[in-house]
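A short worksheet on the structure shown next.
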Amino acid sequence: MADGFVLETQGLTKEFRGFIAVNDVSLRVRRGAIHALIGPNGAGKTTCFNLLTKFLEPTRGTITWQGRDITRAKPAEIARMGLVRSFQISAVFPHLTVLENVRVALQRARGNSYDFWRSDRVLAGFDVRARDLLADVNLTEYEGVPAGLLPYGRKRALEIATTLALDPAMLLLDEPTAGMTHEDVEHVVALIRRIREGRTILMVEHNLSVVSGLSDTITVLTRGQVLAEGDYAAVSANPEVRAAYLGAEEAA
Amino acid sequence: MNPMNVPASQRIAFVVMLAMIAVSPFVLYPVFLMKVLCFALFAAAFNLLIGFVGLLSFGHAAYFGMSSYVSAHAAKVWGFTPELAILAGTAVATLLGIAIGWIAIRRQGIYFAMITLALAQMVFFFCLQAPFTGGEDGIQAVPRGRLFGVLDLANDMALYWVVAAIFIAGFLFLYRVVHSPFGQVLKAIRENEPRAISLGYRVDDYKLIAFVISAAMTGVAGGTKAIVFQLATLTDVNWPMSGEAVLMTLVGGIGTIFGPPVGALVIIAMQNELAQLGAWVTVVQGVIFVACVLAFRKGIIGEIQAKFGKPL
Ligand SMILES: Nc1ncnc2c1ncn2[C@@H]1O[C@H](COP(=O)(O)OP(=O)(O)OP(=O)(O)O)[C@@H](O)[C@H]1O
Ligand SMILES: [Mg+2]
């Protein structure tokens, strides 16, 4: 902790029936930083997220959060420690309204979720805070809409609002701007700038202008391994990175 | 329950249901109606799991039948008053629910269904062997007794109002569970379990609590049934009984509030009408099951709900 890293991995490895998706990754995320994880499709970025949030068991390696070994923790406990992820495939509760989606998160953070004998009217107590969060992501006018009916970009925005409802110390965002219009992307970038105060953010992102605009540190992953790490200038100047990642991006 | 928070469609449906419960004993046989009410509560309890958590239990006969045996034994051998006999049955069903749920809850999908079936069959074999259940004969001539030691329930009409009260209380309780902060989390888990986990919900705990509530309410239904028919047999605890709950819920509408009681009414009425067909009842039921799966996936109430766009 004294060294300023909140999240560290040592030799993190994940094999799927012999296929090594994440190979000996040692990652260190500095407290308060926006750290980007980039790399071509199939590089192992999402798998890394799944390992860090314990949705997958690592084959080898350790994960440390604020000096504490969390390699064997359960995913719900990870979230309760303040490490909250979003998903690459937008994850909302489709038949709940936009407002209810955010309330589900607020409800967890503030208790009473086991009360099966109480009326759900008590949840109205979360409405004010939920509306604030929705206003932050420009979803105010959608609050009564079932989340499943939102256009893709708005679902992503809702997901961010839901994540922020937990007031997490660290956010892991898996491609937060994927599938968004240019305008929405700018909005999310502005939002991330606003919410980063007091938090650490690790994000997977393909949009390089977002990456360059936001991140303090970038880790480049290819075929499960760390290829390079540094700030945007250093990483984008790295010839290996250009060949493996930027080249592929330009060709696409 | 605060009426302000209940949608108009459900309030109307509830009033209609109450009216039917109030009027029907004057037109139909009370014993038939009591059977419907017991199974309506059974199906509603089963629906809490399949409809609101997305878990298909294929072992609910265990809680129904075990409670039926325990209630019958308590009333007959220990001389419990009927309400205490039913409570005793419910308590045992609840404990059984905790034990089976604890084992089953970690499995997903078809494995969950299989493990609940397997454990329920173990309960069945226990009941087959245990001396107190009376083997093939079951427990017969269970006294209906006096409610709270006062009200004589030998009269069908008197018993009917008691059973109706038990059903309504159970139904409202299950409604409340679904529409509680806890129920809201259940819906979230059903909709997107990984997301619920990533928000920090210990989803297994929620599933287990829902499982136990479902088992307990099934126990209420099974115990009441034993008092009504003055009988507890292996039929109550055997696997086709689990199938009945599945069928009734499917016919009425999975995940709806009023579907399971409607499904219970339809299936029991049909079994009564077709009783002279003997073994063919099973075949007809099978056909209905297939028809539901193929054509009316949402079930009776589910289809009505979809047509009018109003929750029922
Ligand atoms: N559960 C799994 N079982 C087997 N293989 C998997 C599994 N999950 C991921 N993989 C494989 O691991 C590799 C890394 O996948 P991952 O999803 O982490 O990539 P990614 O970097 O997130 O890619 P993208 O940019 O397309 O999202 C891929 O080859 C993928 O097919
Ligand atoms: Mg990915």
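Line order of the protein sequences matches chains B and X. Using this note's numbering, the first residue of the first sequence is number 1, and each one after it goes up by one. Using this note's numbering, the first residue of the second sequence is number 1, and each one after it goes up by one. The beta-carbon is built from N, C-alpha and C at its ideal position, and this holds for glycine as well. No experiment lies behind these values; they were computed from the predicted model shown.
- Scanning chain B for C-beta atoms nearer than 8 Å to the C-beta of Asn-192 of chain X yields Ala-91, Val-92, Phe-93 and Pro-94, reported in chain order.
- The beta carbon of Pro-176 of chain B does not come within 8 Å of any beta carbon belonging to chain X, so the residue lies off that interface.
- Leaving aside the five residues that flank Asp-24 of chain B on each side, the residues in its chain whose CB is nearer than 6 Å to its CB run, in chain order, Gly-11 and Thr-13.
- Set against 7 Å, the gap from the CB of Thr-177 of chain B to the closest heavy atom of ligand 2 is not smaller.
- With fewer than 16 other Cβ atoms inside 10 Å of its own Cβ, Met-122 of chain X counts as exposed.
- In chain order, the residues with a C-beta atom nearer than 5 Å to some heavy atom of ligand 1 are B:Phe-16, B:Ala-21, B:Asn-41, B:Gly-42, B:Ala-43, B:Gly-44, B:Lys-45, B:Thr-46 and B:Thr-47.
- Taken from the Cβ of Val-212 of chain X, every heavy atom of ligand 2 lies 7 Å or farther away.
- A distance below 7 Å between beta-carbons, with the five flanking residues on each side excluded, links Gly-32 of chain B to the following residues of its chain, in chain order: Thr-200.
- For Met-81 of chain B, no beta strand (DSSP E) encloses it, and the DSSP letter there is neither H nor E.
- Not one heavy atom of ligand 2 falls within 7 Å of the beta-carbon of Val-203 of chain X.
- For Asp-174 of chain B, the Cβ falls inside the 7 Å cut-off from some heavy atom of ligand 2.
- In the DSSP assignment, Arg-156 of chain B falls within the alpha helix (DSSP H) that extends over 152-164.
- Nearest neighbour of Tyr-114 of chain B by Cα position, chosen from X:Phe-173, X:Phe-182, X:Leu-48 and X:Ala-22, turns out to be X:Phe-182.
- Residue burial is scored here from C-beta neighbours: Tyr-142 of chain B has at least 16 other C-beta atoms within 10 angstroms and is therefore classed as buried.
- Annotation for Val-204 of chain B indicates a beta carbon within 7 Å of some heavy atom of ligand 2.
- Relative to ligand 2, Gln-88 of chain B has its C-beta within less than 7 Å of a heavy atom.
- The Cβ-Cβ distance between Gly-44 of chain B and Gly-230 of chain B does not fall below 8 Å.
- Straight through space, the alpha carbons of Met-217 of chain X and Ile-98 of chain X are spaced by roughly 13 Å.
- Listed in chain order, the non-local C-beta contacts of Val-204 of chain B below 6 Å within the same chain comprise Leu-37, Lys-45, Asp-174 and Glu-175, local neighbours out to five positions each way being set aside.
- Under the Cβ distance rule, Ile-168 of chain X does not count among the residues neighbouring chain B, no pair being separated by less than 8 Å.
- Exposure of His-182 of chain B is indicated by the presence of fewer than 16 other C-beta atoms within 10 angstroms of its C-beta.
- The CB of Val-185 of chain X comes closer than 9 Å to the CB of Val-104, Gln-107, Arg-108, Ser-113 and Tyr-114 in chain B, given here in chain order.
- Phe-58 of chain X is classed as buried because its beta carbon has at least 16 other beta carbons within 10 Å across all chains shown.
- Looking from the CA of Leu-247 of chain X, the closest CA among X:Ala-43, X:Leu-18, X:Ala-13 and X:Lys-35 belongs to X:Ala-43.
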